[in-house]
Every structure is written in C-alpha cells, then in structure tokens.
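Peer 1: Quick one: the structure is below, questions incoming.
In our numbering, the protein residues as written are 22 to 181.
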C-alpha cells in the first residue's frame, strides 16, 4: 500500500519525502522550469537529515526612481534555514555573461522564509541592462540563480 501511495503522489506531481529520498535542492529563475540540481541517496545505516525542497524566484523590476533585484522564497517543504545573498548588476550592453556586468548593489539575509522576499536597489541614472543573481543554501547545498538581463529606460520603463 505504501508503494502505491508514493507512486500515486509522484504521478500527481506531489513532492514526497520517502525514507531513502535523501535531499534535493531545486532552483528556479523567472520563466524557467524547476529542475532538480542534486539528489543524494543515503543507506539505511546513515543518519538521514530532513528532506528539504526550496524554490527561489529571482528577477528585476523597476519603478520611476529605482531598479530592484529580488529573490523570493516561493516554496519550502519542511522547516529549513535558507540564507540568501542577492546581487544587482548593470551594463550598457546586453550580455549573457554576468561577469561582464558591473556589480551595483548587494543584500544578505540569514533566513529567507517561505513567501518572503529580499531586495536590493539602485537609482536610475541612464538606460542600462540590469540583472539579478541570488546565491542561497538549502539542505547543505549552495546554489546560484541568475535572471536574464532586462533593459530599463531612465524613467524605469522596461524596454526589453
């Protein structure tokens, strides 16, 4: 019966914390499908840590004065401490390589709880491409999620 319930839950798309599931960390950027980044199996003899599933959304937004990078914990299964570093980058040219962009602003939180958000911001000075990056740790795994570059005008209008 137990195997049937687990199989039914998996078919329904429900996350199941089975005794041998180990830990899995999921990362999601805007408009991307959430995929497992790592899965670790453990044997019966080893101490099993709690199964944790964390989903972080990362992106940029703008108003008439500021551009914001944000990281939002959209889902955490079971209690989990999720420290997050957030970075806001800018560039005059579009580039998929964040190392070619200039770091403008940063923020850090020791535990980004579910449905909470961390932001960092910079004032509009010119038309620039902006990109956000979050580095977080969940279930002992450190992951990096980077948003796509977005072009904002001086007035905060999204141009691309």
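All residues carry an ideal CB built from backbone N, CA and C; glycine is no exception.
Would you call the segment 105-112 and the segment 151-160 touching, i.e. three or more CB-CB distances under 8 Å?
Peer 2: Judged by Cβ distances under 8 Å, the segment 105-112 makes contact with the segment 151-160, as three or more pairs qualify.
Peer 1: Tell me, please, which residues DSSP counts as bridged to residue 138.
Peer 2: The sequence position of residue 138 within the chain shown is 117, counting from 1. BP columns for residue 138 point to 93.
Peer 1: Candidates 148, 85, 120 and 134: which alpha carbon is nearest residue 98's?
Peer 2: The count along the chain shown starts at 1 and reaches residue 98 at position 77. It is 134 whose Cα lies nearest to the Cα of residue 98.
Peer 1: As a quick exercise: from 161, 100 and 126, pick the residue whose alpha carbon is nearest that of residue 111.
Peer 2: For the purposes of this step, residue 111 is identified with residue 90 of the chain shown, where counting begins at 1. The shortest C-alpha separation from residue 111 is found at 126.
Peer 1: Give me whichever residues DSSP pairs with residue 128 in a beta bridge.
Peer 2: For the purposes of this step, residue 128 is identified with residue 107 of the chain shown, where counting begins at 1. In the DSSP output, where bridge partners are listed per residue, residue 128 has 107.
Peer 1: Does the beta-carbon distance from residue 160 to residue 171 come in below 8 Å?
Peer 2: Reading the chain shown from its first residue, position 139 is the one you call residue 160. Reading the chain shown from its first residue, position 150 is the one you call residue 171. No. Outside cutoff.
Peer 1: In whole angstroms, what is the alpha-carbon distance linking residue 177 and residue 145?
Peer 2: The residue labelled residue 177 in the question sits at position 156 within the chain shown. The residue labelled residue 145 in the question sits at position 124 within the chain shown. Roughly 7 Å between the two C-alpha positions.
Peer 1: My guess is that residue 131 and residue 90 are in contact by the Cβ rule of under 8 Å, so how many angstroms apart are they, rounded?
Peer 2: For the purposes of this step, residue 131 is taken as the residue at position 110 of the chain shown. For the purposes of this step, residue 90 is taken as the residue at position 69 of the chain shown. Not a contact, Cβ separation roughly 18 Å.
Peer 1: Using DSSP bridges, identify the partner residues of residue 80.
Peer 2: Taking the first residue of the chain shown as position 1, residue 80 is located at position 59. According to DSSP, which records beta bridges pairwise, residue 80 is partnered with 91.
Peer 1: Hey, how far is the Cα of residue 165 from the Cα of residue 148?
Peer 2: Reading the chain shown from its first residue, position 144 is the one you call residue 165. Reading the chain shown from its first residue, position 127 is the one you call residue 148. Looking at the two C-alpha atoms, the distance is approximately 26 Å.
Peer 1: Counting only the same chain and skipping the five closest in sequence on each side, list residues whose C-beta sits under 8 Å from that of residue 179.
Peer 2: One-based indexing of the chain shown puts residue 179 at position 158. Around residue 179: 83, 171, 172 and 173.
Peer 1: Could you check if residue 81 is buried or exposed, using at least 16 other CB atoms within 10 Å of its CB as the buried criterion?
Peer 2: Sequence index remark: in the chain shown, residue 81 carries index 60 (1-based). Buried, by the Cβ-count rule.
Peer 1: So, under 8 Å CB-CB, residue 17 and residue 88 are touching, yes? Tell me the CB distance rounded to an integer number of Å.
Peer 2: For residue 17 there is no data in the structure shown, the boundaries of the chain being 22 and 181.
Peer 1: Which one or two residues does DSSP pair with residue 75 in a beta bridge?
Peer 2: If you number the chain shown from 1, residue 75 lands on position 54. Per DSSP, 97.
Peer 1: Counting only the same chain and skipping the five closest in sequence on each side, list residues whose C-beta sits under 6 Å from that of residue 56.
Peer 2: Walking along the chain shown from the start, residue 56 turns up at place 35. Summary for residue 56: the model assigns pLDDT 37, below 50, so the residue's position carries little reliability; its value from the coordinates is reported in the next sentence. Result list for residue 56: empty, nothing under 6 Å.
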